[in-house]
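Read the structure below first, then the notes.
Numbering (the numbering used here), first residue to last: 64 to 333.
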């Protein structure tokens, strides 16, 4: 759709330095079917802001060239094409455009209902959630009702979306117990992943593989949420973890996350 705008922004090092490119791809770990151009977050954010104001020509999969005059029209174009035709950077930009839209909460959630099913990678999911600052001001009951649908999903990154939003915008006195109870009710064995589990760390990046139990990115999301909760509410978090129904591997991931963080490395996780 807009790769003609993005390709000139790819840094020369990504194009020329195989080791640098390998490191970038290893960190993102996109699925093998998802093209990664090689842009970094500052460039992606800058072009999203520009597109939100000025729009752009887009090249649709059927060959039609369409002129979009603002971010709203671009979002409609993203919604109209199969998400698997988009590159990694386009998917991130789509989410940033939603965050930049000045509209009602209902309109924002309607846009998100089209966007969340397109999430297939931890970096796309987490960059969207971290930059969705409007959620801090949104009506929490309405937003939580929206999240409930994704908590019940059987798709890995739809569930991770709900977990990371809960971590970013609901870990406070009024919502902590509800968040922890909702995490405890997740049916991990129902959640399907497109990532393949492999043993040991491969010498070269193998896109679409993980070294952990399926659904790995949901399990990591839960561990991250718990480590964040520990920093804010250590007593309540420990009490929950010690009485929860979470599998042992998530508990171990949580303890590791807590030890790695400067905020909790000296705090008892259990």
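Glycine included, every Cβ here is placed at the ideal spot set by N, Cα and C. Since the structure is predicted, the reported quantities are computational estimates derived from the model, not experimental observations.
Might you give, ordered along the chain, the residues of its own chain that have their beta carbon closer than 7 Å to the beta carbon of residue i, omitting 5 neighbours on each side?
| i | result |
| --- | --- |
| residue 227 | 188, 189, 192 and 284 |
| residue 108 | 159 |
| residue 327 | 290, 293, 294 and 321 |
| residue 273 | 258, 260 and 279 |
| residue 196 | none |
| residue 300 | 289, 292 and 293 |
Starting from residue i and walking both ways along the beta strand (DSSP E), at which residues does that stretch end?
| i | result |
| --- | --- |
| residue 121 | 119 to 122 |
| residue 130 | 128 to 131 |
If we ignore side chains and look at the alpha-carbon of each, how far apart do residue i and residue j end up?
| i | j | result |
| --- | --- | --- |
| residue 247 | residue 174 | 28 Å |
| residue 100 | residue 150 | 7 Å |
| residue 167 | residue 146 | 25 Å |
| residue 330 | residue 66 | 46 Å |
| residue 253 | residue 129 | 40 Å |
| residue 202 | residue 209 | 11 Å |
| residue 179 | residue 310 | 26 Å |
| residue 152 | residue 251 | 29 Å |
| residue 133 | residue 110 | 13 Å |
| residue 131 | residue 138 | 9 Å |
| residue 312 | residue 194 | 29 Å |
| residue 86 | residue 262 | 19 Å |
| residue 106 | residue 213 | 30 Å |
| residue 171 | residue 286 | 28 Å |
| residue 323 | residue 96 | 32 Å |
| residue 162 | residue 181 | 16 Å |
| residue 319 | residue 119 | 45 Å |
| residue 73 | residue 302 | 48 Å |
| residue 249 | residue 82 | 39 Å |
| residue 305 | residue 264 | 31 Å |
| residue 215 | residue 314 | 21 Å |
Please identify the residue among the options whose C-alpha is closest to the C-alpha of residue i.
| i | options | result |
| --- | --- | --- |
| residue 157 | 169, 165, 170 and 177 | 177 |
| residue 115 | 308, 292 and 135 | 135 |
| residue 245 | 145, 122 and 233 | 233 |
| residue 220 | 318, 314, 280 and 145 | 280 |
| residue 70 | 230, 98 and 80 | 98 |
| residue 155 | 292, 200, 103 and 128 | 103 |
| residue 126 | 137, 236, 132 and 144 | 144 |
| residue 276 | 296, 287, 255 and 269 | 255 |
| residue 64 | 288, 121 and 231 | 121 |
| residue 206 | 240, 216, 225 and 217 | 225 |
| residue 317 | 308, 288 and 297 | 288 |
| residue 198 | 216, 215 and 165 | 165 |
| residue 269 | 89, 79 and 80 | 89 |
| residue 47 | 217, 307, 204 and 333 | In the structure as shown, the chain starts at 64 and stops at 333, and residue 47 therefore has no counterpart that could be examined. |
| residue 298 | 230, 215, 333 and 315 | 333 |
| residue 113 | 68, 239 and 231 | 68 |
At which residues does the alpha helix (DSSP H) containing residue i begin and terminate?
| i | result |
| --- | --- |
| residue 79 | 75 to 79 |
| residue 69 | 66 to 69 |
| residue 315 | 311 to 323 |
| residue 330 | It is not in any alpha helix (DSSP H) - residue 330 carries neither H nor E in the DSSP assignment. |
| residue 99 | Careful: residue 99 lies outside any alpha helix (DSSP H) and carries neither H nor E. |
| residue 218 | Per DSSP, residue 218 belongs to no alpha helix (DSSP H) and is neither H nor E. |
Give me, in chain order, the residues of the same chain whose beta-carbon lies closer than 6 Å to that of residue i; leave out the 5 immediate sequence neighbours on both sides.
| i | result |
| --- | --- |
| residue 141 | 157 |
| residue 124 | 144 and 148 |
| residue 77 | 84 and 101 |
| residue 186 | 91 |
| residue 223 | 188, 280, 281 and 284 |
Quick one: residues in its chain with C-beta nearer than 8 Å to the C-beta of residue i, no 5 flanking neighbours on either side, listed in chain order?
| i | result |
| --- | --- |
| residue 257 | 94, 183, 219 and 271 |
| residue 308 | 247 |
Say yes only if the C-beta of residue i is nearer than 6 Å to one or more non-hydrogen atoms of the ligand GDP, and no if none qualify.
| i | result |
| --- | --- |
| residue 240 | Questions concerning the ligand GDP fall outside what the structure shown contains, since it holds no ligand whatsoever. |
Exercise for the section: Note down, one range per segment and in chain order, each alpha helix (DSSP H) of at least 4 residues found wholly within the segment 237 to 305. Expected result: The qualifying runs are 239 to 247 and 279 to 295.
Exercise for the section: Would you list, in sequence order, the uninterrupted beta strand (DSSP E) runs of no fewer than 3 residues that lie entirely inside the segment 119 to 205? Expected result: For the segment 119 to 205, whole beta strand (DSSP E) runs of length 3 or above, ordered along the chain, are 119 to 122 and 128 to 131.
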